[in-house]
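Chains as they are written, first to last, in my numbering: chain U, 1 to 143; chain S, 144 to 253.
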């Protein structure tokens with residue numbers, strides 16, 4: 001339903017509420033107005049529901065793993081890996097449903113962090129031990 | 144790189160997957176293929192770290208494709224096996240074949 005249609009409904013509802021306090025001899029009009037008010041409220045609720053569904057974000061994986069991987073991978077590799085995870089997540093979700101897809105995604109993120117962190121740690125250790133070796137050599141030269 | 148380097152089972156599965164997938168060899172497809180070949184679940188992180196290791200050894204090369212909307216605007220990382228990689232894989236398969244033949248001779252597990 002278009003947004004303008006919703007505003008029109010709201011305007012009619014406000015106008016009808018203004019007319020609600022009619023004298024008793026106009027009971028038929030009053031009852032009809034009440035029914036119209038209820039109908040308008042119902043239509044507005046349906047519109048609101050449809051609006052919420054339209055603006056609902058596309059189903060995403062359960063965890064924003066990009067930040068976790070970003071800590072240990074360079075941006076391009078991080079992008080590629082997260083993209084691959086999302087691609088496989090969507091395939092699994094289509095086939096087995098959201099619950100199993102979410103579980104698969106969690107398992108993959110947790111299982112993937114280990115090897116990635118280990119490689120990053122080895123790189124740091126190599127750098128540190130390389131620097132330590134240089135410092136030791138310099139110390140021996142000086143002494 | 145030395146062509147008599149040995150490959151681990153996981154690395155063999157990865158190189159085989161890259162070779163089998165051809166032009167369609169990128170992270171997600173390689174991961175799926177490796178799980179199929181290894182008959183078990185593997186983490187995508189371990190596949191990526193192994194691919195990086197193989198690239199450092201010169202057995203595969205990689206490049207980034209264009210971002211696609213299906214992947215949330217993220218690019219794919221494609222892989223291709225090099226000549227050296229093919230030779231090393233062939234050597235590993237030959238060793239595996241020799242082991243199978245030896246076991247068959249003694250009526251072993253194969």
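Quick reminder that beta carbons are idealized off the backbone N, C-alpha and C, glycines included.
{"Item": "Counterpart residues of residue 159 of chain S in DSSP-defined beta bridges", "Value": "Answer is none; residue 159 of chain S lacks a bridge partner."}
{"Item": "Assigned exposure category for residue 133 of chain U - 16 Cβ within 10 Å defines buried", "Value": "exposed"}
{"Item": "Where the alpha helix (DSSP H) through residue 191 of chain S begins and ends", "Value": "187 to 200"}
{"Item": "Residue 170 of chain S at chain U interface by Cβ criterion, 8 Å", "Value": "yes"}
{"Item": "From S/177, S/245, S/154, S/207, residue whose alpha carbon lies closest to that of residue 164 of chain S", "Value": "S/177"}
{"Item": "Local Cβ density within 10 Å of residue 217 of chain S, reported as buried at 16 or more and exposed below that", "Value": "buried"}
{"Item": "As assigned by DSSP and simplified to three states, the class of residue 223 of chain S", "Value": "strand"}
{"Item": "Inter-residue Cα distance where the pair is residue 86 of chain S and residue 152 of chain S", "Value": "There is no way to answer for residue 86 of chain S, as the model of chain S reaches only from 144 to 253."}
{"Item": "Amino acids of chain S, ordered along the chain, whose beta-carbon sits closer than 9 Å to that of residue 101 of chain U", "Value": "Residues of chain S passing the Cβ test: none, with the nearest at roughly 14 Å."}
{"Item": "Range of the contiguous beta strand (DSSP E) that encloses residue 205 of chain S", "Value": "203 to 207"}
{"Item": "CB contact below 8 Å: residue 82 of chain U versus chain S", "Value": "yes"}
{"Item": "Contacts that residue 111 of chain U makes with chain S (C-beta to C-beta distance below 9 Å)", "Value": "184, 185, 186, 187, 188, 189"}
{"Item": "Start and end residues, alpha helix (DSSP H) containing residue 218 of chain S", "Value": "Note, residue 218 of chain S: premise wrong, no alpha helix (DSSP H); not H, not E."}
{"Item": "Distance, residue 80 of chain U Cα to residue 91 of chain U Cα", "Value": "17 Å"}
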